[in-house]
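Asker:
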Amino acid sequence: MNIRNTIGCLLIVLFFLQACNSSYTPKPRGYFKIDFPEKKYQVFDMPGYPYSFEYPTYATVVKDTTFMGQATETEPWWINVDFPSFNGRIYVSYKAIGKNVFDTLIKHAYTFTGEHASKAYSIEDSLISTPNNVHGVFFTVGGDVATANQFFLTDSVKHFLRGALYFDATPNADSLGIVNDFLLQDMKHLISTFRWKNK
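Numbered per mature numbering (1 follows the signal peptide of the UniProt record, and there is no 0), the sequence shown spans residues -21 to -1, 1 to 178.
(1) Flag this pair as yes or no: are the beta carbons of residue 132 and residue 107 separated by less than 8 Å?
(2) If we ignore side chains and look at the alpha-carbon of each, how far apart do residue 26 and residue 136 end up?
(3) For residue 113, I'd like the list of residues in its chain whose CB is within less than 6 Å of its CB, leaving aside the five on either flank, ordered along the chain.
(4) Does chain B have any CB closer than 8 Å to the CB of residue 70?
(5) Can you tell me where the beta strand (DSSP E) with residue 75 in it begins and where it stops?
(6) Relative to the C-alpha of residue 32, which candidate in -18, 159 and 142 has its C-alpha closest?
(7) Quick check: the Cα distance between residue 16 and residue 160, rounded to an integer number of angstroms?
(8) Going by DSSP in three states, residue 20 sits in which element: helix, strand or coil?
(9) Taking only three categories from DSSP, how would you classify residue 27?
(10) May I have the straight-line CA-CA distance separating residue 47 from residue 70, to the nearest angstrom?
(11) Report back the beta-carbon spacing between residue 134 and residue 117 to the nearest angstrom; my notes put them in contact at under 8 Å.
(12) Bridge partners for residue 175 per DSSP, in chain order?
(13) Alpha carbon to alpha carbon, what distance is there between residue 146 and residue 127?
Quick look at the structure:
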């Protein structure tokens, strides 16, 4: 009877040990699920500003009062398009051609984009041309960079505007990718609805 109990206990233990031998499959690293708002737009058309455009209802436009820690009183038409729920911001800077040399403005736009080359695995540029007489270049920067989407717009005579999307987060192309793609649509909508005023 003692041997039977011992053998029975051993069989039960072996059964449980065998059950614990299932193969382990590691789960891939994931990111938080993000619920995106519905795409709806409103018009930015403030009196005195030399431009207008449409931007999302889940964004706010605020006057940019500082740039790199310096006051921007001399740049009255600099703004930021803020996306609070995504910790993102499109920095928009405007320069009047005449007060600034057109070729220098173009060169600076390419230089600012090129500053990300050390972290980027690609930098692509594509021409912009809209029916509203808005022309420019859109830059897509691949990799773990501070800003993956930038652009400049101009009429080549009076107006020059540059925009760059930044996030208040450590650059990570994988984790920011889905938000970047979502806000990229908004940047392209901003560009397609962009108009110069005071021609």
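Glycine is no exception: its CB is placed at the ideal position from the N, C-alpha and C atoms.
Answerer: On the basis of the supplied data:
(1) yes
(2) 21 Å
(3) 132 and 173
(4) The structure shown contains no chain B, having only a single protein chain.
(5) 67 to 75
(6) 142
(7) 14 Å
(8) strand
(9) coil
(10) In this prediction, residue 47 has a pLDDT of 47, which is less than 50 and means its spatial position is unreliable; what the coordinates show is noted afterwards. About 12 Å.
(11) No, residue 134 and residue 117 are not in contact; Cβ-Cβ is about 17 Å, not under 8 Å.
(12) 30
(13) 10 Å
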